[in-house]
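Chains as they are written, first to last, in our numbering: chain A, 23 to 429; chain B, 23 to 429.
Ideal placement from N, C-alpha and C gives every residue a C-beta, glycine not left out.
Because the structure is a prediction, the values reported are computed rather than measured.
These notes are about the structure you will find just below.
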């Protein structure tokens, strides 16, 4: 697997022996964070460091309250369970996901688990000021549940465009938000550090760490939700954000020169042509639950006389065109489909979508797999929390060691 | 500038103190390699390392024959010139670029300069076996000119698709090559290590190091040459190759659903719609030199009654559609245009192309600049050599220190 060519790299800051310690602490913490409880032997293998170095690093992380060690029988192997290093949930992030119908707020532990979650149902779509009021009150109510844990900050998974540098919300059309400093407002109201990230980028990160895209390589995530088709690119485990934080908007890839007008100002974008509501309309169905969607899609796919058959065929063609552009542009290892797209993939199959691509250069289409998301509805919250954990995972010395017991 | 989000990264090998030394040697060598002669003070500033550490690193690189130090007056500043560290050309690569009409072979020094270059004019397009015979004979003739320099290997800039893992040539349509192990044949014939890379990727690397795209960030390179439109993506100074080495084929981005059939099996790709030959055909001109192209384009652009006016207008529209897809997909800092596309850009102007984009999400189009390539016809050779230098730039300890003089 080769996704990054080492032919060149820009000047970088020099490395000191202190940096080495930080990097090694980071690597051990990230491994435990991503893989779950691991033995010291596994850490030794994964890092190439010797056993005594690993011992020192684990001790350091333990003193900072970031990891614990204990018998965790996770495998079916015979024999007594070996003690394992696990990430503690003594450090947490608050994750927030405002959507049209509800606002989800969760406490997520550094282990990646959602510890506590509440859903506020909107009577109407909240303004940025209302959002800040609601969320800061919810957080004030939830923090005591964090049981004295260290709250690192708040991560917002936002259905819109967020400026990478400062979290300024440029455009969240479905919420009707436009050029709003909602992250700094929320920070002022809560006294916590707040970061915001496009929701599809949150999903991409979460899938890349815990879901279908685990492992390195180049991964494109496409999610069809209530806010159109969001997308994110993950390269060797890191989100590609682009210059201003807007990379990965494959929902606005041209699939039909004569297609419908798109809210982006163009026409025939993937998200204007491949749509759950257009399929339902063709099927003559007002709405279906997520559970019933596969059966409806299967009925339409398998029966040429079904009223939505032609619409679904057309949508699969357009999905193929988008896959063609993605494969030619990025030659990814995986395209992860979520929401309505995952349902479509499950019914029509990967090979059918690939057959509709209509032509790519040799190689690219063989390299790629189309898969459905693995994580459930906690996806965006986990990804938003991950964004908050990121600086600590890069440099665990950001949190101090606990006071040693007095002699 | 933020192009890579640090929200997550996969497990990595641990870092040892030896690695630190290697990394720092690499950083000093890369800075001198990319920026040209630098003072010790500049190295101290750029790396954050202290003066004595820099001194030791420079000494080490000098003992390996990779850098020298001397008075190089490069600036107009008043005062005596301070001694500067420069990369020596005692280490070289052979760069090869087979094209339809000629094969270029050059000796390129580690400083990035083309030291010696020959052009073999093809009477007819060579087969892979003929190519190997010609190039190995040329190399045998040229190596003595390397004056005892260390020849690191051969880099081939190939107009086609190359598998990243082993340089196997999957498809070079203009040469009529298909599934050929030409790199290993050339390696057998010369006894040298041979690497091959898509020519547009070579151009992207060279522009990213020495040309218009110097500096970090996300850069997309699009070059319209005899072999269609090649393309490459450079992220923070590193080529994004994708899973199999085929990333960055934006020449096959859909720009017209009802466009011409493309050799890739699809239709309406950027490279089938935006073409020098279609413009010349509309203009009723058999061919023009590169020097005369700007005047012809300007005449067609400025005069609605010119026979090629409508064709050029249409091509600029399609270029805008491709820019839209690139901007939405990657939110780059720069799109670097080469060949015919650079000529079109010069005549119609960046703002005109941006105005034809037809809609992007907010942000992305403001972030991007469209610029022409800066490097001349040595671009591909420099990029191919860079690929050969890459492992040494990453780890200068790959070459031994010279024997110390006997006491």
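{"query": "Assumed close pair residue 208 of chain B, residue 175 of chain B - CB separation to whole angstroms, cut-off 8 Å", "result": "Their Cβ separation, rounded to whole angstroms, is 10 Å, which puts residue 208 of chain B and residue 175 of chain B out of contact at 8 Å."}
{"query": "CB contact check: residue 141 of chain B to chain A, cutoff 7 Å", "result": "no"}
{"query": "Residues of its chain near residue 325 of chain A, where Cβ-Cβ distance is below 7 Å and the 5 sequence neighbours each way are ignored", "result": "331"}
{"query": "Presumed contact (8 Å Cβ cut-off) between residue 305 of chain B and residue 318 of chain B, rounded CB distance", "result": "6 Å"}
{"query": "Members of the stretch 251-267 of chain A that neighbour chain B once the beta carbon cut-off is set at 9 Å", "result": "253, 255, 256, 257, 258, 259, 260, 261, 262, 263, 264, 265, 266 and 267"}
{"query": "Buried/exposed call for residue 225 of chain A, threshold 16 Cβ in 10 Å", "result": "buried"}
{"query": "Under 9 Å by beta carbon: chain B residues contacting residue 62 of chain A", "result": "Per Cβ cutoff of 9 Å: no residues; residue 62 of chain A is ~13 Å from chain B at best."}
{"query": "Ranges of the beta strand (DSSP E) found wholly within the stretch 101-154 of chain A, counting only runs of at least 3", "result": "105-109, 113-120, 124-131 and 136-143"}
{"query": "Residue 84 of chain B at chain A interface by Cβ criterion, 7 Å", "result": "no"}
{"query": "Cβ-Cβ distance between residue 149 of chain A and residue 196 of chain A below 7 Å", "result": "no"}
{"query": "Alpha-carbon spacing of residue 362 of chain A relative to residue 69 of chain A, whole angstroms", "result": "39 Å"}
{"query": "With 16 other Cβ atoms within 10 Å as the buried cut-off, status of residue 180 of chain A", "result": "buried"}
{"query": "Any chain B beta carbon closer than 7 Å to residue 89 of chain A", "result": "no"}
{"query": "Near-chain A residues of the stretch 333-355 of chain B (beta-carbon distance less than 7 Å), N- to C-terminal order", "result": "343, 346, 347, 350, 351, 352, 353, 354 and 355"}
{"query": "Beta-carbon gap between residue 366 of chain A and residue 243 of chain A smaller than 7 Å", "result": "no"}
{"query": "Same chain only: Cβ atoms within 6 Å of residue 190 of chain A, ignoring 5 sequence neighbours per side", "result": "203"}
{"query": "Residue range of the beta strand (DSSP E) that includes residue 193 of chain B", "result": "191-194"}
{"query": "When A:247, A:169, A:168 and A:158 are compared against residue 178 of chain A, the one with the closest alpha-carbon", "result": "A:158"}
{"query": "Between the CA atoms of residue 145 of chain A and residue 152 of chain A - distance to the nearest angstrom", "result": "12 Å"}
{"query": "With 16 other Cβ atoms within 10 Å as the buried cut-off, status of residue 424 of chain B", "result": "exposed"}
{"query": "Per DSSP, the bridge partner or partners of residue 220 of chain A", "result": "A:180"}
{"query": "Interface flag, residue 42 of chain B vs chain A, CB-CB below 7 Å", "result": "yes"}
{"query": "Sufficient close CB pairs (3 or more, under 8 Å) joining the stretch 385-396 of chain A to the stretch 263-274 of chain A", "result": "no"}
{"query": "DSSP state of residue 202 of chain A mapped onto helix, strand, coil", "result": "strand"}
{"query": "Touching by the beta-carbon criterion (3+ pairs, under 8 Å), the stretch 366-380 of chain B and the stretch 290-298 of chain A", "result": "no"}
{"query": "DSSP beta-bridge partners of residue 394 of chain A", "result": "A:359"}
{"query": "C-beta neighbour in chain A for residue 389 of chain B, strict 7 Å", "result": "yes"}
{"query": "Closer than 8 Å at the beta carbon, the chain B residues around residue 445 of chain A", "result": "One cannot answer for residue 445 of chain A here, as it falls past the ends of chain A, which runs 23 to 429."}
{"query": "Beta-carbon contacts of residue 139 of chain B that lie in its chain and below 6 Å, excluding the five residues immediately before and after", "result": "128"}
{"query": "For residue 96 of chain B, three-class secondary structure by DSSP", "result": "Annotation note: pLDDT 48 at residue 96 of chain B (below 50); position unreliable, no value reported."}
{"query": "Per DSSP, the bridge partner or partners of residue 256 of chain B", "result": "B:241 and B:261"}
{"query": "Pair within 7 Å by beta-carbon distance, residue 66 of chain B and residue 229 of chain B", "result": "no"}
{"query": "Helix, strand or coil at residue 60 of chain B according to DSSP, with G and I counted as helix", "result": "strand"}
{"query": "Interface flag, residue 295 of chain A vs chain B, CB-CB below 7 Å", "result": "no"}
{"query": "Close beta carbons around residue 173 of chain B, own chain, < 7 Å, minus the five adjacent residues each side", "result": "114, 116, 165 and 214"}
{"query": "Any chain A beta carbon closer than 7 Å to residue 403 of chain B", "result": "no"}
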